[in-house]
Structures are given as structure tokens and as C-alpha cells.
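Chains as they are written, first to last, in the numbering used here: chain A, 1 to 113; chain B, 114 to 229. No residue lacks a Cβ here, since even glycine has one placed at the ideal position from N, Cα and C.
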Amino acid sequence: AQSVAQPEDQVNVAEGNPLTVKCTYSVSGNPYLFWYVQYPNRGLQFLLKYITGDNLVKGSYGFEAEFNKSQTSFHLKKPSALVSDSALYFCAVRAFEGNKFYFGSGTKLNVKP
Amino acid sequence: GAGVSQSPSNKVTEKGKDVELRCDPISGHTALYWYRQSLGQGLEFLIYFQGNSAPDKSGLPSDRFSAERTGGSVSTLTIQRTQQEDSAVYLCASSPGQGRFFWEQYFGPGTRLTVT
Numbered sequence: 001a002q003s004v005a006q007p008e009d010q011v012n013v014a015e016g017n018p019l020t021v022k023c024t025y026s027v028s029g030n031p032y033l034f035w036y037v038q039y040p041n042r043g044l045q046f047l048l049k050y051i052t053g054d055n056l057v058k059g060s061y062g063f064e065a066e067f068n069k070s071q072t073s074f075h076l077k078k079p080s081a082l083v084s085d086s087a088l089y090f091c092a093v094r095a096f097e098g099n100k101f102y103f104g105s106g107t108k109l110n111v112k113p
Numbered sequence: 114g115a116g117v118s119q120s121p122s123n124k125v126t127e128k129g130k131d132v133e134l135r136c137d138p139i140s141g142h143t144a145l146y147w148y149r150q151s152l153g154q155g156l157e158f159l160i161y162f163q164g165n166s167a168p169d170k171s172g173l174p175s176d177r178f179s180a181e182r183t184g185g186s187v188s189t190l191t192i193q194r195t196q197q198e199d200s201a202v203y204l205c206a207s208s209p210g211q212g213r214f215f216w217e218q219y220f221g222p223g224t225r226l227t228v229t
């Protein structure tokens with residue numbers, strides 16, 4: 001079965017510190033992986049994706065994510081967190097058949113000044 | 114340019130009534146998705162349209178749910194005989210459907226449906 005897991009409901013980090021938001025997946029075939037961010041009272045916004053190629057992908061707002069095939073993970077990272085990064089983050093994987101996307105349950109990131 | 118728009122932004126309806134939710138995708142986007150987001154849950158895939166191909170309806174939770182996309186643009190999600198468990202935020206997204214941005218989805222603000 002295809003699925004995405006975000007094991008942390010909430011991540012707290014101090015401004016200026018590095019942050020990691022975890023995501024693991026289960027999908028048949030080669031995965032297409034995505035991160036989206038949902039700011040309060042705003043729609044989801046695309047952050048970055050992994051389709052093929054370099055395992056480290058860079059996206060918007062200084063975020064990056066590392067695809068690890070052996071660990072079936074796609075963790076979101078940022079070297080130095082900002083208070084404005086506080087939001088709800090969703091990991092997603094595309095199922096190879098039918099173009100269906102599976103989203104994780106979301107991780108709330110709290111960055112404190 | 115204009116993003117994905119959805120209407121209404123909020124809808125309160127009585128149990129048993131039918132509701133229609135509308136999505137206007139970004140002009141030129143050939144792919145369109147509907148999702149449901151319940152409180153504290155991730156996004157649940159409902160249906161996918163791509164161009165003139167038959168839609169992928171595999172995520173629709175029951176036959177009370179249906180969707181159509183007219184002229185390859187505007188889409189309507191219809192829920193018949195609404196139940197309280199249908200209360201959620203319904204999100205629409207579109208994507209170019211081709212090229213290097215094929216899989217990047219642009220989401221609308223959602224319609225918050227409350228069934229009383």
C-alpha cells in the first residue's frame with residue numbers, strides 16, 4: 001500500500017537553529033516526493049520536489065530535502081530557522097499508477113524567537 | 114496571475130441536503146485535483162482530472178460524491194445527501210500537466226463545509 005508518514009505532529013525549534021521535519025514513505029516503483037507548506041489562513045504552497053537525480057533538492061525559502069532510498073525517507077531541512085517559517089508542513093508522494101497523491105498528516109513547525 | 118479560486122469559501126448546510134463546490138483552476142492548467150482535509154488529518158485524495166482523459170475517481174468515499182470538469186477548466190464537486198462526517202475543508206489544486214512543472218500543484222484556499 002502507498003502511504004506517507006510524518007511521525008511528529010509538532011516540531012519546536014529556536015530561531016537561528018537548524019530544523020528537520022521528518023517524512024517516510026511507502027510506494028511501489030520510483031517515488032515522486034514533495035513538500036508543501038500551509039501558512040495560517042492561506043492555501044498550501046509548493047516548496048520542493050524530488051523526481052530523479054541529485055538526492056539533495058533545494059526549494060523555496062531556503063528549504064532543502066534529502067531523498068534517502070535505503071531509509072525510504074525525504075526529510076525537510078533548513079540550516080537556520082526563522083520565526084516566519086512557523087507553519088504546517090505536509091509531505092506527499094505520487095503513486096505511480098493513476099497520478100494519485102498521498103499526503104502525510106502534517107507537522108506543525110513552531111519557531112520561537 | 115490569478116491563482117486557483119474556490120467558491121464558496123464557507124458553506125453550512127443541513128444534513129441530507131445536496132451541496133456544490135466550485136473550483137476555477139489556473140488558466141492553461143490541464144490537471145485538476147480535489148482533496149478533503151479533515152481537522153488534524155492530512156489531505157485525502159478524492160478525484161483527478163487530466164485533459165480529456167477519463168478522471169481518476171478512486172478516492173471518492175461514496176457514491177454520494179461526484180465531480181465534473183466542464184470544458185477542461187472549471188470543476189464542480191457535488192455531495193448529495195450530506196452527512197455530518199462530510200464536514201471538512203475541500204481543497205482544489207491544479208497543475209500544468211506537462212513539462213518540468215508537471216507535478217507541482219497550486220492549491221486554492223478551500224471551501225469549509227459544515228454539515229449540521
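What in chain B is Cβ-close to Ser105 (chain A), meaning under 8 Å?
-> Gly153, Gln154, Gly155
Which residues in the same chain as Leu173 (chain B) place their Cβ atom closer than 8 Å to its Cβ, once the five residues preceding and following it in sequence are excluded?
-> Leu159, Ile160, Ser179, Ala180
Using the rule of at least 16 other Cβ atoms within 10 Å of the residue's Cβ for burial, across every protein chain shown, is Lys130 (chain B) buried or exposed?
-> exposed
Can you tell me whether DSSP reads Asp199 (chain B) as helix, strand or coil?
-> helix
Could you work out which residue in A:Phe103, A:Ala65, A:Ile51 is closest to Lys78 (chain A) when comparing CA atoms only?
-> A:Ala65
Cβ distance (whole Å) where Arg177 (chain B) is taken to contact Arg194 (chain B) below 8 Å = 6 Å
Going by DSSP, what residues sit across from Val128 (chain B) in a beta bridge?
-> Note that residue 128 (chain B) corresponds to Lys in the displayed sequence, not to Val. Its beta-bridge partners do not exist; DSSP assigns none.
Could you check what DSSP says for Asp137 (chain B) in three-state terms: helix, strand or coil?
-> strand
In angstroms with no decimal places, state the Cα-to-Cα distance between Pro18 (chain A) and His142 (chain B).
-> Distance between the alpha carbons of Pro18 (chain A) and His142 (chain B): 36 Å.
Nearest-angstrom Cα distance between Ser80 (chain A) and Val125 (chain B)?
-> 42 Å
Take Leu134 (chain B) and list the residues in its own chain whose beta-carbon comes closer than 6 Å to its own, dropping the five residues that flank it on each side.
-> Leu190, Tyr203, Thr224
So what's Asp54 (chain A) in DSSP terms, helix, strand or just coil?
-> Here Asp54 (chain A) sits in coil by DSSP.
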